[in-house]
Amino acid sequence: MWQVDAFFSLTHATSRGVGVIFMNNRLRRGAHCRFDTDGRVIALDLSLDGKRTRILNVYAPVTRTLANEFYRGVRSFMLEPLQYILLGDFNCVLDTSRDIRGPGQGGCNYLARELGNIVADWELIDAWVTLHGDAFSATRASGIYGSRLDRVYVPEVFREALVTCVVVQVPSYCLNVSDRKPLLFSMQVCNGGRSPRSWRMDPTILYDEECIKYMGTEVAASVAEVDVLDPATWDRLKKRWRLISEEAGKERHARITSRMNETLRRIQIVERRGTSTQAMRDYVDAQRKVYSNLLHKRAQASRIAEELQLPNDELGNLAFAVRVGTRRNQPQRILTAQRENGSITTEPVEVRNTFRTHFERLFAQEAQLDDDDFEYRFLSFCDGLPKLRDEDTERLHSPATKDEVSQALKAMNARSAPGPDGILTAFYVCFFEILGDLLTDVVNIFITEGKKPLSFRDGRVVLLLKEGMDRRKWLFSKPATASPQRLRAAASLLAFGTVLLCPLAVKCYISEKKETTPLNVGDGGDNDWKALARSAQRRFQRQGDGILVEANYQRRRPIEVFKCKVF
Numbered sequence: 001m002w003q004v005d006a007f008f009s010l011t012h013a014t015s016r017g018v019g020v021i022f023m024n025n026r027l028r029r030g031a032h033c034r035f036d037t038d039g040r041v042i043a044l045d046l047s048l049d050g051k052r053t054r055i056l057n058v059y060a061p062v063t064r065t066l067a068n069e070f071y072r073g074v075r076s077f078m079l080e081p082l083q084y085i086l087l088g089d090f091n092c093v094l095d096t097s098r099d100i101r102g103p104g105q106g107g108c109n110y111l112a113r114e115l116g117n118i119v120a121d122w123e124l125i126d127a128w129v130t131l132h133g134d135a136f137s138a139t140r141a142s143g144i145y146g147s148r149l150d151r152v153y154v155p156e157v158f159r160e161a162l163v164t165c166v167v168v169q170v171p172s173y174c175l176n177v178s179d180r181k182p183l184l185f186s187m188q189v190c191n192g193g194r195s196p197r198s199w200r201m202d203p204t205i206l207y208d209e210e211c212i213k214y215m216g217t218e219v220a221a222s223v224a225e226v227d228v229l230d231p232a233t234w235d236r237l238k239k240r241w242r243l244i245s246e247e248a249g250k251e252r253h254a255r256i257t258s259r260m261n262e263t264l265r266r267i268q269i270v271e272r273r274g275t276s277t278q279a280m281r282d283y284v285d286a287q288r289k290v291y292s293n294l295l296h297k298r299a300q301a302s303r304i305a306e307e308l309q310l311p312n313d314e315l316g317n318l319a320f321a322v323r324v325g326t327r328r329n330q331p332q333r334i335l336t337a338q339r340e341n342g343s344i345t346t347e348p349v350e351v352r353n354t355f356r357t358h359f360e361r362l363f364a365q366e367a368q369l370d371d372d373d374f375e376y377r378f379l380s381f382c383d384g385l386p387k388l389r390d391e392d393t394e395r396l397h398s399p400a401t402k403d404e405v406s407q408a409l410k411a412m413n414a415r416s417a418p419g420p421d422g423i424l425t426a427f428y429v430c431f432f433e434i435l436g437d438l439l440t441d442v443v444n445i446f447i448t449e450g451k452k453p454l455s456f457r458d459g460r461v462v463l464l465l466k467e468g469m470d471r472r473k474w475l476f477s478k479p480a481t482a483s484p485q486r487l488r489a490a491a492s493l494l495a496f497g498t499v500l501l502c503p504l505a506v507k508c509y510i511s512e513k514k515e516t517t518p519l520n521v522g523d524g525g526d527n528d529w530k531a532l533a534r535s536a537q538r539r540f541q542r543q544g545d546g547i548l549v550e551a552n553y554q555r556r557r558p559i560e561v562f563k564c565k566v567f
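Here UniProt numbering is used: position 232 in the sequence shown is 232, and no number is missing along the way.
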């Protein structure tokens with residue numbers, strides 16, 4: 001006998017139930033499981049090929065009139081920006097001409113309408129059709145009737161990972177077996193484990209009142225322990241805030257899970273004793289709604305829908321929001337690279353090292369423009385512009401105020417990806433009453449004294465593929481760096497200050513000659529970009545004594561991400 005680990009759904013009937021059995025314990029590490037109120041759906045979260053993936057095993061009801069309602073409930077498990085694998089006994093088909101033989105072939109499949117919407121909305125592909133085309137093999141057969149009711153749907157990103165999808169013939173000597181033939185499906189992916197992405201704060205904890213209360217208390221305690229603020233102290237505080245946010249996320253997850261389990265327990269108690277009265281049926285329906293709401297609350301779709309200004313009480317809006325989040329979190333992968341000798345490599349490690357080596361060498365180069373040359377070009381560019389009085393430029397030489405730091409943070413996009421430390425702008429905005437003075441001091445130390453925490457040096461290079469170019473060659477990729485939010489705040493304050501020197505807002509861009517070129521001149525309105533950025537070989541360039549100023553950032557889907565030291 002084998003001893004294995006397994007997850008099974010909670011069901012109050014003997015005619016249904018789904019589960020997951022682990023033959024390899026490495027896949028179980030870090031895996032998380034949840035299920036529906038009827039024991040017909042089990043969702044398993046794990047990492048496959050470095051991608052956060054949710055596998056949904058379903059056992060659809062045989063009663064056809066319940067099919068569409070069941071699949072609408074399945075959508076409640078698809079409210080996270082993940083990759084989804086949908087498999088199980090669907091008890092319906094999407095293509096009656098291809099998946100049915102005998103009575104019913106080519107007929108109407110309106111009972112599979114909601115399943116079809118799921119497959120279309122999440123762009124899932126049928127593993128059997130992908131590997132075998134229109135070949136037919138029934139998983140359920142009776143006389144002249146045969147159908148392919150058991151199937152596997154995978155996302156497009158796993159198309160190349162598909163290996164086998166076969167219907168297993170059960171030996172005749174096996175007794176008490178199901179009338180269905182097992183479907184064996186396999187993929188070749190990297191071992192389970194954590195995604196290679198850096199840590200990032202979970203945004204949902206900043207929308208949870210209990211998490212905010214807990215984090216506020218802990219963050220205030222960490223600040224109270226600071227006697228003398230210096231760059232090293234700031235870096236230690238950030239590490240502690242990361243631990244605080246992780247604990248808040250774990251507590252929120254455990255709290256919602258506990259409520260979900262208690263709701264399931266109540267539903268099962270009532271259904272075991274029967275729901276013969278209207279009052280009991282109403283109670284069970286109410287508890288099912290509570291469970292569904294808890295599923296939505298734990299998912300990120302509600303937050304994304306709120307950011308997109310969509311009503312988050314409608315399942316269709318939540319589904320759209322999660323698809324946006326999935327696309328937002330899915331970078332393209334560079335599969336090949338050209339070596340310096342012109343040959344092509346497909347080895348993942350060598351591909352990554354080829355790009356990394358090039359851009360590390362690029363970032364290590366000295367700036368092509370010295371300060372004297374830049375000052376001359378800057379003054380030449382501004383020559384003829386209206387001059388300002390000295391009293392109007394006094395605050396250029398004064399430290400930043402707490403209000404200026406607050407406005408700089410609020411002007412940032414709270415949804416944008418943070419720097420390598422993973423701490424969101426929304427964190428500093430949410431707890432600014434506690435962190436405002438400390439953050440202002442850090443920014444002023446950086447601006448006035450040039451002293452910076454070591455974490456200010458960390459950046460992330462995102463390669464932006466030039467239109468129509470070959471992604472294998474590093475020459476055709478533009479690097480854009482993502483720096484920590486505190487550094488962005490300092491750069492924003494300096495950039496906003498240049499408006500006093502230049503009444504007209506100027507946009508700049510990086511030309512192929514790696515020069516600063518004026519793109520257009522606005523009317524100085526609030527909507528104009530208010531910084532005149534110096535640029536050379538990269539979008540973030542040295543300004544003065546090492547301060548970074550961001551040039552006009554052109555949003556495109558990233559094709560690869562590397563870590564580096566910015567300066």
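Note that beta-carbon positions come from the ideal geometry of N, C-alpha and C, so glycine has one too.
* Which term fits M215, buried or exposed, when burial requires 16 or more other beta carbons within 10 angstroms of its beta carbon? -> buried
- Alpha carbon to alpha carbon, what distance is there between E114 and G106? 19 Å
How would you label A279, buried or exposed, when you count the other beta carbons within 10 angstroms and need 16 or more for buried? exposed
Exercise. Does the region 70 to 85 touch the region 51 to 62, meaning 3 or more C-beta pairs lie closer than 8 Å?
Worked result: yes
- Task: Would you kindly check if the distance between the Cβ of F185 and the Cβ of T164 is under 8 Å?
- Result: yes
How about T96 and G104: are their beta carbons less than 8 Å apart?
yes
List, from N- to C-terminal side, the alpha helix (DSSP H) runs of 4 residues or more that fit wholly inside the region 422 to 452. Those alpha helix (DSSP H) runs which fall completely within the region 422 to 452 and span 4+ residues are 425 to 430, 432 to 444.
>> Pop quiz: T440 and K410 are said to be a contact at Cβ under 8 Å. What is the actual Cβ separation, rounded to whole angstroms?
In response: That belief does not hold up - the Cβ atoms of T440 and K410 are roughly 14 Å apart, past 8 Å.
Q | Backbone CA spacing between I118 and R75 [nearest angstrom] | A | 7 Å
Given this structure, state the Cα-to-Cα distance separating R288 from R236, to the nearest angstrom. 45 Å
Output the boundary residues of the alpha helix (DSSP H) element that contains M260. For M260, the enclosing alpha helix (DSSP H) begins and ends at 231 to 273.
* Asked: By the 10 Å Cβ neighbour count, where 16 or more other Cβ atoms means buried, how is L295 classified, buried or exposed?
  -> buried
>> List, from N- to C-terminal side, the alpha helix (DSSP H) runs of 4 residues or more that fit wholly inside the region 126 to 212.
In response: 127 to 132
Q | Straight-line gap, S47 to I447 (C-alpha atoms, nearest Å) | A | 42 Å
Query - Residue burial classification, P518 (beta-carbon count within 10 angstroms, cutoff 16) - result: With a pLDDT of 34 at P518, under the threshold of 50, the predicted position of this residue should be treated as unreliable, though the coordinate-derived value follows. Exposed, because fewer than 16 other Cβ atoms sit within 10 Å of the Cβ of P518.
Checklist line | Assumed close pair M187, A220 - CB separation to whole angstroms, cut-off 8 Å | finding: Not a contact, Cβ separation roughly 48 Å.
Taking Cβ positions, are F427 and M260 nearer each other than 8 Å?
It is not a contact, given that the beta carbons lie outside the stated cut-off.
* Asked: Do you know offhand how far D421's Cα is from W199's?
  -> Using only the alpha carbons, I get a separation of about 7 Å.
When DSSP labels each residue in this structure, what does F90 get in the three-state scheme? coil
*asked:* Give me, in chain order, the residues of the same chain whose beta-carbon lies closer than 8 Å to that of R180; leave out the 5 immediate sequence neighbours on both sides.
replied: D89, T139, R140, L149, D150
>> If you reduce the DSSP assignment to three classes, tell me which class L500 lands in.
In response: The predicted model places L500 with a pLDDT of 34, which falls under 50 and marks its position as unreliable; any figure quoted below should be read in that light. Helix at L500.
Quiz item: Can you tell me where the beta strand (DSSP E) with L48 in it begins and where it stops?
Solution: 41 to 48
Item to check | Host beta strand (DSSP E) of L56 (start-end) | outcome: 51 to 59
_R34 - containing beta strand (DSSP E), residue span_ = 32 to 35
Range of the contiguous alpha helix (DSSP H) that encloses I70: Residue identity check: residue 70 is Phe in the sequence provided, not Ile. Counting along the chain, the alpha helix (DSSP H) containing F70 begins and ends at 67 to 74.
I'd like the list of long-range same chain contacts for T263, defined as Cβ closer than 6 Å, with 5 residues on each side in sequence excluded.
Q287, V290, Y291
Compute the Euclidean distance between the alpha carbons of Y283 and L56, then round it to the nearest angstrom. In a straight line, the C-alpha of Y283 is about 28 Å away from that of L56.
Going by CA-CA distance only, name the one from N91, P155, E347, V166 that's closest to R40. N91
Going by beta carbon distance, what residues of the same chain come within less than 8 Å of V226, once the five residues before and after it are set aside? Exclusion of the five residues before and after V226 leaves T233, L237, L438 as the residues of its chain whose Cβ lies within less than 8 Å of its Cβ.
Taking the straight line between their C-alpha atoms, what separation do you get for A400 and A248?
32 Å
- Query: According to the Cβ coordinates, are V129 and Q83 closer than 8 Å?
  - Reply: no
Among residues of its own chain, excluding the 5 on either side of E123, which ones have a beta-carbon nearer than 8 Å to its beta-carbon?
P155, E156
Requested in this report: Identify whether G17 lies in helix, strand or coil by the three-state DSSP scheme.
Outcome: Looking at G17 - three-state DSSP - the assignment turns out to be coil, as it is neither helix nor strand.
Original post:
With 16 as the cutoff for other CB atoms within 10 Å, does L79 come out buried or exposed?
Top reply: buried
Cβ-based neighbour list, I85, same chain, cut-off 6 Å, excluding 5 preceding and 5 following
I55, V154
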